[in-house]
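Remarks on the structure that follows.
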Amino acid sequence: MVGRAHRDGRRVRVAGSGHSFTEAALTDDTMVSIERLDAVLEADRDSGLVRVEAGISLRKLGEALWALGLAMENLGDIDVQTVAGAISTATHGTGAKLRNISAQVAAIELVTAGGEVREITEADGDLLRAARVSLGALGAISAVTLRTVPAFALHRVDDPRPLEDVLDGLDELAAASDHFEFFVFPHTSVKALVIERGRTEEPPRPRNRVAAWANDVLLENLALDALSRTGRRFPSLNPRITGLAGRLLSRTERVDRSYRIFSSERRVRFTEMEYAVPRDHGPAALRQVLAMIAERRINVFFPIEFRVVAGDDALISPTHEQDSCYIAVHQYRGMDWRDYFQRVEDIMRSYGGRPHWGKRHFQDAASLAGVHPRLADFQAIRDKLDPDRVFANEYTERVLGP
Numbered sequence: 008m009v010g011r012a013h014r015d016g017r018r019v020r021v022a023g024s025g026h027s028f029t030e031a032a033l034t035d036d037t038m039v040s041i042e043r044l045d046a047v048l049e050a051d052r053d054s055g056l057v058r059v060e061a062g063i064s065l066r067k068l069g070e071a072l073w074a075l076g077l078a079m080e081n082l083g084d085i086d087v088q089t090v091a092g093a094i095s096t097a098t099h100g101t102g103a104k105l106r107n108i109s110a111q112v113a114a115i116e117l118v119t120a121g122g123e124v125r126e127i128t129e130a131d132g133d134l135l136r137a138a139r140v141s142l143g144a145l146g147a148i149s150a151v152t153l154r155t156v157p158a159f160a161l162h163r164v165d166d167p168r169p170l171e172d173v174l175d176g177l178d179e180l181a182a183a184s185d186h187f188e189f190f191v192f193p194h195t196s197v198k199a200l201v202i203e204r205g206r207t208e209e210p211p212r213p214r215n216r217v218a219a220w221a222n223d224v225l226l227e228n229l230a231l232d233a234l235s236r237t238g239r240r241f242p243s244l245n246p247r248i249t250g251l252a253g254r255l256l257s258r259t260e261r262v263d264r265s266y267r268i269f270s271s272e273r274r275v276r277f278t279e280m281e282y283a284v285p286r287d288h289g290p291a292a293l294r295q296v297l298a299m300i301a302e303r304r305i306n307v308f309f310p311i312e313f314r315v316v317a318g319d320d321a322l323i324s325p326t327h328e329q330d331s332c333y334i335a336v337h338q339y340r341g342m343d344w345r346d347y348f349q350r351v352e353d354i355m356r357s358y359g360g361r362p363h364w365g366k367r368h369f370q371d372a373a374s375l376a377g378v379h380p381r382l383a384d385f386q387a388i389r390d391k392l393d394p395d396r397v398f399a400n401e402y403t404e405r406v407l408g409p
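Per my numbering, the sequence shown starts with residue 8, numbered consecutively.
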């Protein structure tokens with residue numbers, strides 16, 4: 008398909024599950040879907056190396072790995088993405104000592120612009136470091152070899168705590184938990200919902216379907232959607248609504264298979280921006296965002312998410328050689344997000360922040376060169392692999408250059 012499109016003078020973009028908030032997959036030419044490439048091809052339990060087709064979803068991957076006695080060491084809180092989409096946008100989980108999903112890649116099978124199939128391994132050095140996070144600009148990923156670990160269970164604790172206590176003790180809290188993050192509601196930034204996930208020897212205790220539905224669907228989605236609709240209809244009520252949401256936070260605990268504990272049900276429609284800032288600047292950046300929301304009276308209800316992630320070596324990863332804090336802001340569907348996100352981006356850029364490739368941002372190749380020290384190296388590899396820009400679209404031209 009790729010080779011034929013190239014011969015016909017058409018461009019190609021590869022679409023995964025469509026989870027990205029950017030225009031990364033959009034095209035007026037040829038769009039290739041990889042969702043039916045969803046099989047586990049090979050698995051070596053001794054080495055932990057597992058080769059999968061690129062379109063397998065993270066949810067299906069988790070289930071398949073568990074059946075093999077294996078697991079991904081770290082995942083994000085959404086599991087609908089394809090493996091190729093997740094690594095290409097540097098999708099991440101949380102954990103002070105844990106890197107993003109692309110850092111768990113040992114090899115990539117790539118269909119190049121001419122239609123040839125090429126296996127890229129760690130022996131290829133920078134070529135693999137470019138292909139792991141590539142925005143689909145180097146070729147069409149058809150298979151991925153992942154480094155996995157023995158299957159494990161996680162103990163998750165959700166606990167409301169005073170925000171300033173969390174920010175002041177961030178390093179200690181992040182070090183004490185395998186996977187640490189928290190949410191804070193704008194307008195009532197007194198309390199944070201801290202989420203800690205840690206490995207445990209306890210056996211998984213899956214919730215029954217009624218309890219899972221009541222919490223994940225009824226409370227976390229239907230109730231959130233109802234409150235969001237109210238805030239959209241009556242903007243002046245948003246501070247009171249967020250105050251109510253903050254008061255409803257309570258301590259909960261769960262023990263289950265790792266991939267189940269990592270992920271969360273997400274049915275409410277929203278749009279999102281997320282920035283990685285150097286670890287030391289995370290608390291200051293968050294405080295400034297909250298102050299801006301209060302000062303500008305930004306009409307927003309959705310909570311802000313704060314996560315910690317270890318640095319990695321992918322050439323254009325937002326956490327390239329930099330331990331980071333990710334700060335994500337959201338806006339409910341149908342509500343203005345541009346002014347809010349632009350103001351947040353200004354704050355993040357003042358701290359040297361780098362945008363998440365799968366989330367909204369307003370930067371271009373010229374501005375990104377100032378925070379991505381290996382962007383020029385990535386561009387040189389792109390020139391070699393795709394000199395005719397078969398895999399380009401308006402988005403890649405904006406953020407990577409023509």
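Think of the CB as a built atom: it goes at the ideal place given N, C-alpha and C, for glycine as much as any other residue.
Predicted model only: the values in this text are computed from it and were never measured.
Taken through DSSP and simplified to helix, strand or coil, R43 comes out as coil. As DSSP reads the structure, R267 sits in no beta bridge.
Distances from the CA of T207 to each of N81, S374, A160 and L382 were compared; the closest alpha carbon is that of A160. Put simply, of W73, V59 and H368 the residue whose alpha carbon is nearest the alpha carbon of R405 is H368.
In this structure, the beta-carbon distance from V140 to I85 does not fall below 8 Å. By the C-beta density criterion, V124 is exposed, having fewer than 16 other C-beta atoms within 10 angstroms. The Cβ atoms of L72 and P157 do not sit closer than 8 Å to each other.
By the neighbour-count criterion, in which 16 or more other beta carbons inside 10 Å mark a residue as buried, Q111 falls on the buried side.
A199 is the residue among A147, V151 and A199 whose C-alpha sits nearest the C-alpha of D166.
As computed with DSSP, I311 is found in a beta bridge with V191. Straight-line spacing of the CA atoms in R340 and D131 works out to 43 Å. In the structure shown, V378 falls within a coil segment according to DSSP collapsed to helix, strand and coil. In the three-state scheme derived from DSSP, where H, G and I count as helix and E and B as strand, K391 is classed as helix. Note that the C-beta distance between V315 and T326 is not below 8 Å.
With a minimum length of 3 residues, the unbroken runs of beta strand (DSSP E) contained wholly in the segment 102 to 189 fall at 112 to 118, 124 to 128, 147 to 154 and 160 to 169.
Judged by DSSP secondary structure, R20 falls outside any alpha helix (DSSP H) and instead within the beta strand (DSSP E) spanning V19 to A22.
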